[in-house]
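For reference, the structure is listed below as C-alpha cells.
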Amino acid sequence: MPELPEVETIVRLLRGQLAGQCLSRVEVRWPRCIACPSVAEFGRELLGREVLDVGRRGKFVILSLSGHKSLLVHLRMTGRLIVEDVGHLAANGGVAPDPYTHVSFRFTSGKALRFRDTRKFGRLYLVSEAAEIVGGLGPEPLSPGFTPQVLQDLLSRHRRRLKPLLMDQRMLAGLGNIYVDEALWEARIHPLRHAHTLSPEEVVRLHTAIRNVLARAIRNQGTTLRDYRTPLDEAGENQEALAVYGRQGKPCLRCGELILREAVGGRGTWYCPSCQRRE
DNA sequence: ACACCCTCCTGGAGGC
DNA sequence: TGCCTCCAGGAGGGTG
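The opening residue of the first sequence carries number 108 in the working numbering; numbering runs sequentially from there.
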C-alpha cells in the first residue's frame, strides 16, 4: 500500500521519465477510476498537454500540466503507475491486454504511462488547481515547517487515540498503517494513547521518529510487501528495515518481548507491549 | 468530538 | 485437490 515514501519514490522516478513529455493519446478502460471530470472531458482535456513537472502532496502524485491543469493520482491500496517505452511503431498503441490496467497515457515520444490497480480503489483527478483535491490535507511531515511544536499543537487539539489520529490525512499528510506503527514503535509510545496526554518529551520523540522512519523508507525506495513496485517495476527494500509491522509473535528488536497484533479502528496494529506502555 | 460501521474491490489465506 | 468463506485496507460517508 503506497504511503508517503512509496509515493515519493514513484514521483522522483516519474519526474525524470515524464517531464517535457506531450500527451498524444488517453485510453480509459474502467471509467469509475476517473473521479473528475467526466471520462469524456478527462480524455479531451488532456490531449496535447505537456508534463511540466511531477510532484507529491501527501499520498497524491501530482502531474503539473501545461495550460494550468493538474492530474492527480491516488494509488490507495494496490494502484501502480508504470512507465513503458512502446516505441513509435506499435500498431495497437502499445496497449497491454492486462485486465488491471484501467488507464493508458501515450506520449508523442513513444513512451507510455499506465495506471494499473487490481483492487480498483485508486482514483485520478484532473483539475485546474491541485488544492481543490489536496487543500484539506495536514502538514507534510518531512517539510522544514513541520516542527515538534507543530506536532504538539496538532496533538493538543485532539483527544483521539494516536493510531487513527496519525492516519488521518487531515491531521498529517502521508502516513499510513505501516509507518504509523513503525514511528510509534521507534518513539516507544502505545498506539492507543490519547493524543493530548503525551508529554513534551514524548512529542519530541514522536516527531523525530516520524521523520526518521519516513526518511529511511525513502532511502530504501519504499516497502514492498506484496503489490508495491516502482514505475520501472523495481521492488523496494524497506521491508528489511521494518521493526514491528507484521511481526506479531516475534521478539522486539529492542527488548526481546514478543510483538503483539491488535485491531485498532479496524486496522491491524503492531506494537511491543513492553517498550510501548499504555500506562 | 469521537467511535463505529459500511462501501468500494480482489487475491490470497485459511477451513474443511 | 478444490470449493467456499473471510478478510485486509485508504478514504469517504453515515450513524450513534
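We treat Cβ as the ideally placed atom computed from N, Cα and C, and that holds for glycine. Quick caveat, the model's predicted, so the values are computed rather than measured.
_Opening and closing residue of the beta strand (DSSP E) in which F214 lies_ = 208-214
*asked:* Give me the residue from G343, I317, R164 with the minimum Cα distance to V287.
replied: I317
_Local conformation of Y378 per DSSP, three classes_ = strand
*Use the C-beta contact count for E347: other C-beta atoms within 10 angstroms, 16 or more gives buried, fewer gives exposed.*
exposed
*Using alpha carbons as the reference points, say which of D160, K166, L233, H297 lies closest to E247.*
K166
*asked:* Can you look up I325 in the DSSP assignment and give me helix, strand or coil?
replied: helix
*My understanding is that Y378 touches H297, with C-beta atoms under 8 Å, so please give their C-beta distance in whole angstroms.*
6 Å
*So, using beta-carbon positions, are R223 and R187 closer together than 7 Å?*
yes
*Three-state secondary structure (DSSP) of E134*: strand
*Along the chain, which unbroken stretches of the beta strand (DSSP E) at least 3 residues long are found entirely within the region 201-280?*
208-214, 218-224, 230-234
*For L258, which option in S216, R230, E309 has the closest C-alpha, if you only look at C-alpha atoms?*
E309
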